[in-house]
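Residue numbers (our numbering): 142 to 467. Report on the following structure.
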């Protein structure tokens with residue numbers, strides 16, 4: 142059993158405390174002064190066409206399209222599926238936390254440089270958080286297999302340089318403040334440490350089959366409901382249209398959250414309704430007032446979810462369609 146490293150633990154705790162400190166003093170004069178000073182230095186000394194093209198390429202290292210491609214490659218190449226699942230959890234976990242922090246802090250992006258266009262809030266930097274968390278975890282997995290010290294050292298150097306360049310590119314391109322990137326890196330260091338600890342302590346041999354089977358049975362249940370229930374097909378069709386129009390009309394992050402929440406409510410309600418109907422039919426096939434009441438109540442719950450979701454959809458999309466027609 143490995144001994145705990147007090148220096149490492151202390152460093153990780155300091156990173157988290159510094160992240161909290163920065164998030165608390167984010168809008169003060171001192172932070173604004175530092176961010177402005179960094180911006181001024183970049184404008185004066187570094188920004189040029191050649192370096193801008195390089196930074197635009199580097200920043201794609203944490204772009205959603207590249208991350209999707211990377212996950213597909215990892216899924217195909219890595220034979221150990223527990224590592225694949227852990228990589229997915231690592232990425233989606235840090236993205237969820239990043240979006241949560243952004244919605245809490247609501248810091249607007251810089252306006253002075255903007256060499257590329259980005260939407261959404263600024264603090265903390267998603268690219269910085271994702272790059273350190275994802276590439277840091279992949280580096281850890283590689284180091285676990287390597288025995289040569291030189292290979293390990295080169296892996297750490299290349300990975301660290303890539304993470305640094307991605308993070309720096311966000312400041313250089315003017316889509317994040319210096320404090321956004323520093324805050325993102327600090328929290329991601331804390332997150333990565335906890336994630337690796339959880340990964341190592343999770344009893345994969347015992348729980349792996351249970352974990353896989355739980356997902357398998359869940360998907361089988363959704364598939365069975367889709368095949369047998371007409372209403373489920375209608376819900377999925379509406380969901381597809383909402384996704385399409387949401388992308389075309391460029392709805393905001395909060396609007397996407399509302400839509401996703403509505404999808405989950407309606408589809409979950411339909412699944413519960415199907416489960417209740419199946420259970421009632423299993424108990425009795427004869428006409429029974431109580432059985433009918435149970436089915437009707439379950440169907441009514443789905444209807445309530447559907448009506449509420451429709452109202453939310455109208456509130457989100459109708460103004461955008463009116464604006465588009467104008």
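Backbone N, C-alpha and C fix where the C-beta goes; we use that ideal spot for every residue, glycine too. The structure displayed is predicted, hence computed values, not measured ones.
Contact check, residue i vs residue j, beta carbons under 8 Å
i, j, result
"residue 321", "residue 265", "yes"
"residue 271", "residue 245", "no"
"residue 296", "residue 287", "yes"
"residue 263", "residue 204", "no"
"residue 315", "residue 256", "yes"
"residue 160", "residue 327", "yes"
"residue 432", "residue 443", "no"
"residue 232", "residue 275", "yes"
"residue 307", "residue 202", "yes"
"residue 403", "residue 450", "yes"
"residue 333", "residue 278", "yes"
"residue 165", "residue 394", "no"
"residue 407", "residue 378", "no"
Residue from the options whose Cα sits closest to the Cα of residue i
i, options, result
"residue 360", "220, 436, 412 and 251", "412"
"residue 303", "383, 200 and 375", "200"
"residue 177", "313, 202, 158 and 336", "313"
"residue 391", "162, 457, 194 and 234", "457"
"residue 197", "158, 310 and 243", "310"
"residue 438", "424, 450, 410 and 334", "410"
"residue 396", "195, 155, 162 and 261", "261"
"residue 221", "258, 282 and 188", "282"
"residue 267", "294, 234 and 459", "234"
"residue 342", "464, 463, 181 and 223", "223"
"residue 247", "168, 292, 463 and 419", "168"
"residue 419", "362, 219, 459 and 405", "362"
"residue 251", "385, 181, 424 and 465", "181"
"residue 149", "430, 466 and 338", "338"
Outcome for residue i when other beta-carbon atoms lying within 10 angstroms are tallied against a minimum of 16
i, result
"residue 330", "buried"
"residue 142", "Its pLDDT being 42, under 50, residue 142 is placed unreliably by the model, and nothing is read from it."
"residue 214", "exposed"
"residue 389", "exposed"
"residue 229", "exposed"
"residue 209", "exposed"
"residue 152", "exposed"
"residue 323", "buried"
"residue 290", "exposed"
"residue 242", "buried"
"residue 147", "exposed"
"residue 280", "buried"
"residue 381", "exposed"
"residue 463", "exposed"
"residue 163", "buried"
Beta-carbon contacts of residue i that lie in its chain and below 7 Å, excluding the five residues immediately before and after
i, result
"residue 383", "400 and 454"
"residue 440", "414"
"residue 435", "417 and 421"
"residue 387", "397 and 400"
"residue 193", "256"
Close-in-space but distant-in-sequence residues of the same chain around residue i (CB under 6 Å, 5 per side omitted)
i, result
"residue 340", "227"
"residue 179", "319"
"residue 367", "373"
"residue 336", "231"
"residue 269", "308, 322, 325 and 326"
"residue 172", "166 and 320"
"residue 273", "304, 326 and 329"
"residue 461", "390"
"residue 206", "none"
"residue 293", "284 and 287"
Contact with chain B by residue i, beta-carbon distance below 8 Å
i, result
"residue 319", "Given the protein chain composition of this structure (a single chain), no chain B is represented."
Neighbourhood of residue i by C-beta, 8 Å cutoff - its chain only, sequence neighbours within 5 removed
i, result
"residue 156", "327, 328, 330 and 331"
"residue 259", "250 and 316"
Any chance you could list the alpha helix (DSSP H) runs of at least 4 consecutive residues sitting entirely within the stretch 186-235, in chain order?
190-199 and 205-218
Runs of 3 residues minimum, wholly inside the stretch 363-433: which ones carry the beta strand (DSSP E) assignment?
none
Can you list the alpha helix (DSSP H) stretches of 4 or more residues lying completely in the stretch 255-306, in chain order?
267-271 and 277-286
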